[in-house]
Amino acid sequence: IILKIKMEENKLDIYQIIGFLFLIAAVFYWFNVTIPNLEQNAIEEKEIISKNQDTEINKNPIKDINEVVSSNFNGILIDSELESEEIVIENDDVIFKFNTKGGSLTELQLKDYVDYKGDDLFLIKNDNQSISLNFNLKNGNKINTSDYNFTYEMERQGKINVLKMSLIVSADQSISFEYKIPKSGYMIDFNVSSSGFSSLIDSNSNVNLNWSLDAFRQAKSIDYENRYSQLMYQYDGDDTDYLSSYSDSDDNEDSVSWISYGQHFFNSILVLDSPVNNVQFESKKLFEDQGKEAMFTKNYSSIIPLNLLGSEVNSQLKWYFGPNDYDILKEYDNKIYDSIYFGWGIFGMINRFIYFPFFGFLSKYFSAGLAVILMTIATRVVMSPVTYKTYVSQARMKVIKPEITELNEKFKNDAVKRQQETMKLYNKAGANPLLGCVPALLQLPVFYALFCFFPIAFQLRGKSFLWAEDLSSYDTIAELPFSIPFYGDHISLLPILASIAIFFYTKMSSGAQMQTSQPGMPNMKFIMYLMPVMMLFFFNNYASAFSLYYFISNILTILIMISIKYFIIDEEKIKLQVQENKKKPTKQNRFQRKMQEMMEEAEKQRKLQGKK
1361 IILKIKMEEN KLDIYQIIGF LFLIAAVFYW FNVTIPNLEQ NAIEEKEIIS KNQDTEINKN
1421 PIKDINEVVS SNFNGILIDS ELESEEIVIE NDDVIFKFNT KGGSLTELQL KDYVDYKGDD
1481 LFLIKNDNQS ISLNFNLKNG NKINTSDYNF TYEMERQGKI NVLKMSLIVS ADQSISFEYK
1541 IPKSGYMIDF NVSSSGFSSL IDSNSNVNLN WSLDAFRQAK SIDYENRYSQ LMYQYDGDDT
1601 DYLSSYSDSD DNEDSVSWIS YGQHFFNSIL VLDSPVNNVQ FESKKLFEDQ GKEAMFTKNY
1661 SSIIPLNLLG SEVNSQLKWY FGPNDYDILK EYDNKIYDSI YFGWGIFGMI NRFIYFPFFG
1721 FLSKYFSAGL AVILMTIATR VVMSPVTYKT YVSQARMKVI KPEITELNEK FKNDAVKRQQ
1781 ETMKLYNKAG ANPLLGCVPA LLQLPVFYAL FCFFPIAFQL RGKSFLWAED LSSYDTIAEL
1841 PFSIPFYGDH ISLLPILASI AIFFYTKMSS GAQMQTSQPG MPNMKFIMYL MPVMMLFFFN
1901 NYASAFSLYY FISNILTILI MISIKYFIID EEKIKLQVQE NKKKPTKQNR FQRKMQEMME
1961 EAEKQRKLQG KK
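In structure tokens, the structure reads:
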């Protein structure tokens, strides 16, 4: 009764007391039952997870680590209450965005460039890149670091921003991705390391760095961009190789030093600290099924087994994200400028040591269009002596053309005799029909070198000239409501002008040469007139700078030929020289003697066959 009175005075409820006593009993039970179990679990790691929990981890380790308050792989606790967070770091040239989910680089914008639509240019955005560390644990679990949330810390070392992303497994075990971003430039350090994992990693498996990228479309013509977007790599010291840009392909290579994911005028290059064996590459075309508004050109992927140091990962890598510009790339080590395809053999040497330096010099003082014209003029001037000798030979051939026609008619049934008499006439007249081929042979290295130069000349990107908005792409004077096979859905003016110039140059050249009338020989006139039409179709989607070069080059060649004909060469004088030469006794040179012997031998064989 007294207790009841006291409770009423203090406004206490009997149910409150019962509840309070029950709470005390529950806490006492928890301390005496649950805590000892947790301590036992911390001591004996193998017993930390029940049978059912083990089954769940094998099926879905991501769920166990990221959704449970505390979980583990291989019996090691991981704090999974972390949430993904973005970290933005920028220098003078690039804006980087990292995410603690996977500890990876998730967005990269180049400050000084725009895409073909005029928008900000991104090499990485919206999960188009994936970078992760993959390895097997001794218990059979497969670990992919992109599945886990990392912690991070930042510091400044002089002019370098350092971002360290860590996957903390326990006090003694962790995986770290460290990014070092300089004040300016496109190359960053990317260091990958582990600590305390030597006893956990399956010694029979590799620790692989997986890197994949969907290459964003950056140009107006996705077909043209795709042609010059390819995966390249350096191996065995200085050798380079690439995967086909025209079809899906893959490869496997040893002693790889760097890997380049080319995006025509931009590049993502991973430089390894030491050569790595058994690197797997793959390149897939993406745009064919995406239509005209395609966002991506290719998907690149690589599986890179990392070299281990004391059963731990410790790789000091470098990453380049920036323009595929020779002048910029040559400032970095490891010859990453070889990720630009200059052309093979002598053609690549002409580009690297002549055209790139020369065009770079011209573009410092003139617009890109004028630089192309000046480079064209210089090329034609250097080759003008060859043009002069060729035209002199053509003039001599023109003088003796009636006599050649007469010989062809006289010996039309005796090919060997016809060839012998023709060679004698050439020798006496001082004419050489092979000189007509010399310009084509000498121009071939120059033509092919320029064919490789213009698509990769970064200085042309976005530079306008006259009606051409971008010299690195095609010019457009009209859009077509349909697409013509091999031609496209637009009309470009510069290829039309270049084709017209080629036509008149071909007409002038063929008019000065003797046209063959021998049976079985192709109609050379038809072939030479077909060339301008082929060029028109081919270059309609090509870089307008190349069409500009070819137009100016042929115009200059025509002017040089006209100048030689009317102001330098006197055809009447050549006729007199030919007549004088015919009166003089001539000696056959070694080539002519050899040709004579071959024709005589052929004649003997023909007679023997006839007797049989």
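In my numbering, each residue carries its 1-based index in the sequence shown increased by 1360. All C-beta atoms, glycine included, are put in the ideal place defined by N, C-alpha and C.
**Asked** Taking DSSP as the reference, what is the three-state secondary structure of residue 1691?
**Response** Stepping through the sequence shown from its first residue, residue 1691 is reached at position 331. Three-state result, residue 1691: coil.
**Message:** For the stretch 1609-1628 against the stretch 1670-1682, do three or more pairs of beta-carbon atoms, one drawn from each stretch, fall closer than 8 Å, so that the two count as touching?
**Reply:** Contact annotation: the stretch 1609-1628 touches the stretch 1670-1682, with at least three C-beta pairs closer than 8 Å.
**Asked** If we count the other Cβ atoms within 10 Å of its Cβ and call it buried at 16 or more, is residue 1618 buried or exposed?
**Response** In the sequence shown, residue 1618 corresponds to position 258, counting from 1. Residue 1618 is buried by the Cβ-count criterion.
**Item:** Buried or exposed by the 16-neighbour rule on C-beta atoms within 10 Å, applied to residue 1815
**Value:** Stepping through the sequence shown from its first residue, residue 1815 is reached at position 455. Looking at its Cβ environment, which holds 16 or more other Cβ atoms inside 10 Å, residue 1815 is buried.
**Message:** Shorter than 8 Å, the distance from the beta carbon of residue 1842 to the closest heavy atom of the ligand FAD, or not?
**Reply:** As for the ligand FAD, it is missing from this structure, which has no ligand bound.
**Message:** Do residue 1721 and residue 1655 count as a contact pair if the criterion is CB distance below 9 Å?
**Reply:** Reading the sequence shown from its first residue, position 295 is the one you call residue 1655. Reading the sequence shown from its first residue, position 361 is the one you call residue 1721. Not in contact: residue 1655 and residue 1721 (Cβ atoms no closer than 9 Å).
**Message:** Quick check on the DSSP output: what are the complete alpha helix (DSSP H) runs of length 4 or more inside the stretch 1485-1566, in order along the chain?
**Reply:** Within the stretch 1485-1566, complete alpha helix (DSSP H) segments of at least 4 residues are not found at all.
**Request:** Leaving out five residues on either side along the sequence, give the residues of the same chain with a beta carbon under 6 Å from the beta carbon of residue 1855.
**Result:** For the purposes of this step, residue 1855 is taken as residue 495 along the sequence shown, with counting starting at 1. A distance below 6 Å between beta-carbons, with the five flanking residues on each side excluded, links residue 1855 to the following residues of its chain, in chain order: 1896, 1899, 1900, 1907.
**Request:** Determine, using beta-carbon pairs with one atom in the stretch 1532-1548 and one in the stretch 1473-1482, whether at least three such pairs fall under 8 Å.
**Result:** No, the stretch 1532-1548 does not touch the stretch 1473-1482.
**Request:** Go ahead and label residue 1586 buried or exposed: buried means 16 or more other beta carbons lie within 10 angstroms of its beta carbon, across all protein chains shown.
**Result:** Start at 1 with the first residue of the sequence shown, and residue 1586 comes out as number 226. Answer is buried; the Cβ neighbour count reaches 16.
**Distance, residue 1889 Cα to residue 1785 Cα** = As a first step, residue 1785 must be located in the sequence shown, where it is residue number 425. As a first step, residue 1889 must be located in the sequence shown, where it is residue number 529. Cα-Cα distance, rounded: 29 Å.
**Message:** Quick check on the burial criterion: 16 or more other C-beta atoms within 10 angstroms. Buried or exposed for residue 1516?
**Reply:** As a first step, residue 1516 must be located in the sequence shown, where it is residue number 156. Answer is exposed; the Cβ neighbour count stays below 16.
**Request:** Please state whether DSSP places residue 1711 in a helix, a strand or coil.
**Result:** Here residue 1711 refers to the residue found at position 351 when the sequence shown is read from its first residue. Residue state, collapsed to three classes: helix.
**Alpha-carbon spacing of residue 1847 relative to residue 1893, whole angstroms** = If you number the sequence shown from 1, residue 1847 lands on position 487. If you number the sequence shown from 1, residue 1893 lands on position 533. Approximately 11 Å, taken between the alpha carbons.
**Prompt:** Under the rule that 16 or more other beta-carbon atoms within 10 Å means buried, what is residue 1470, buried or exposed?
**Reply:** For this step, residue 1470 is matched to residue 110 along the sequence shown. Classification for residue 1470: buried.
**Prompt:** Any idea if residue 1415 is buried or exposed, counting beta-carbon neighbours within 10 angstroms, 16 or more meaning buried?
**Reply:** Your numbering for residue 1415 matches position 55 in the sequence shown. Annotation note: pLDDT 31 at residue 1415 (below 50); position unreliable, coordinate value reported separately. That one is exposed.
**Request:** Could you please give the first and the last residue of the uninterrupted beta strand (DSSP E) stretch that includes residue 1840?
**Result:** Here residue 1840 is taken as the residue at index 480 of the sequence shown, counted from 1. Counting along the chain, residue 1840 sits inside the beta strand (DSSP E) bounded by residues 1838-1844.
**Prompt:** Excluding five sequence neighbours on each side, which residues of the same chain lie with their C-beta closer than 6 Å to the C-beta of residue 1839?
**Reply:** As a working mapping, residue 1839 is identified with position 479 in the sequence shown. Same-chain partners within the cutoff: 1850.
**Message:** In this structure, how does DSSP classify residue 1580 when only helix, strand and coil are distinguished?
**Reply:** Position 220 of the sequence shown holds residue 1580. Three-state result, residue 1580: coil.
**Item:** Whole-angstrom distance between residue 1781 and residue 1741, CA atom to CA atom
**Value:** On the sequence shown, residue 1741 is found 381 positions in, with the first residue counted as 1. On the sequence shown, residue 1781 is found 421 positions in, with the first residue counted as 1. Computed Cα separation, rounded: 37 Å.
**Prompt:** What does residue 1480 pair with, by DSSP beta-bridge criteria?
**Reply:** What you label residue 1480 is simply residue 120 of the sequence shown in a count that begins at 1. 1474.
**Asked** Cβ atoms of residue 1594 and residue 1616: under 9 Å apart, would you say?
**Response** Sequence index remark: in the sequence shown, residue 1616 carries index 256 (1-based). Sequence index remark: in the sequence shown, residue 1594 carries index 234 (1-based). At the C-beta level, residue 1616 and residue 1594 come within 9 Å of one another.
**residue 1503 versus residue 1568 - alpha carbon distance** = The residue you call residue 1503 lines up with position 143 of the sequence shown. The residue you call residue 1568 lines up with position 208 of the sequence shown. In this structure, the alpha-carbon of residue 1503 lies about 11 Å from that of residue 1568.
**Prompt:** How would you write the range of the beta strand (DSSP E) that residue 1617 sits in, first residue to last?
**Reply:** Taking the sequence shown and counting its residues from 1, the one referred to as residue 1617 is at position 257. Here the beta strand (DSSP E) through residue 1617 covers 1616-1623.
**Request:** Buried or exposed for residue 1427, please, with buried defined as at least 16 other CB atoms from any protein chain shown within 10 angstroms of its CB.
**Result:** Taking the first residue of the sequence shown as position 1, residue 1427 is located at position 67. Reliability fails at residue 1427, whose pLDDT of 36 lies under 50, so the model's placement of it is uncertain and the value that follows must be treated cautiously. Taking a 10 Å sphere around the C-beta of residue 1427, we find fewer than 16 other C-beta atoms and assign the residue as exposed.
**Asked** If you check the beta carbons only, do residue 1313 and residue 1552 fall under 9 Å apart?
**Response** The shown model of the chain, from 1361 to 1972, leaves out residue 1313, and the question about it has no answer.
**Request:** Inspect the beta-carbon positions of residue 1716 and residue 1686 and report whether they are closer than 9 Å.
**Result:** Within the sequence shown, residue 1716 is the residue found at index 356, counting from 1. Within the sequence shown, residue 1686 is the residue found at index 326, counting from 1. Residue 1716 is a Cβ neighbour of residue 1686, given a cutoff of 9 Å.
**Prompt:** Less than 9 Å separating the beta-carbons of residue 1570 and residue 1490?
**Reply:** The sequence position of residue 1570 within the sequence shown is 210, counting from 1. The sequence position of residue 1490 within the sequence shown is 130, counting from 1. Result yes, Cβ atoms of residue 1570 and residue 1490 sit closer than 9 Å.
**Message:** At the level of alpha carbons, what is the spacing between residue 1672 and residue 1526?
**Reply:** In the sequence shown, residue 1672 corresponds to position 312, counting from 1. In the sequence shown, residue 1526 corresponds to position 166, counting from 1. Between residue 1672 and residue 1526, the C-alpha separation is close to 15 Å.
**Asked** Helix, strand or coil for residue 1769 per DSSP?
**Response** Locating residue 1769 in the sequence shown gives position 409, counting from the first residue. Helix at residue 1769.
**Message:** Tell me which residues share the same chain as residue 1611 and place their Cβ nearer than 7 Å to its Cβ, disregarding the 5 neighbours each side in the sequence.
**Reply:** Looking up residue 1611 in the sequence shown gives position 251. Once the five neighbours on either side are set aside, the close Cβ partners of residue 1611 are 1603, 1641.
**Request:** Tell me, please, whether the stretch 1809-1825 touches the stretch 1916-1930 by the rule of three or more beta-carbon pairs shorter than 8 Å.
**Result:** They do not touch, by the three-pair rule.
**Request:** Using alpha carbons as the reference points, say which of 1541, 1778, 1463 lies closest to residue 1508.
**Result:** Numbered from 1 along the sequence shown, position 148 holds the residue referred to as residue 1508. When each option's Cα is compared against that of residue 1508, the closest is 1463.
**Item:** For residue 1663, the three-state DSSP class (helix, strand or coil)
**Value:** Locating residue 1663 in the sequence shown gives position 303, counting from the first residue. Here residue 1663 sits in strand by DSSP.
**Item:** Reference residue 1608, options 1704, 1862, 1770, 1644, closest by Cα
**Value:** Counting from 1 along the sequence shown, the entry for residue 1608 is found at position 248. Comparing alpha carbon positions, the residue from 1704, 1862, 1770, 1644 closest to residue 1608 is 1644.
**residue 1447, DSSP secondary structure in three states** = Sequence index remark: in the sequence shown, residue 1447 carries index 87 (1-based). Correct three-state label for residue 1447: strand.
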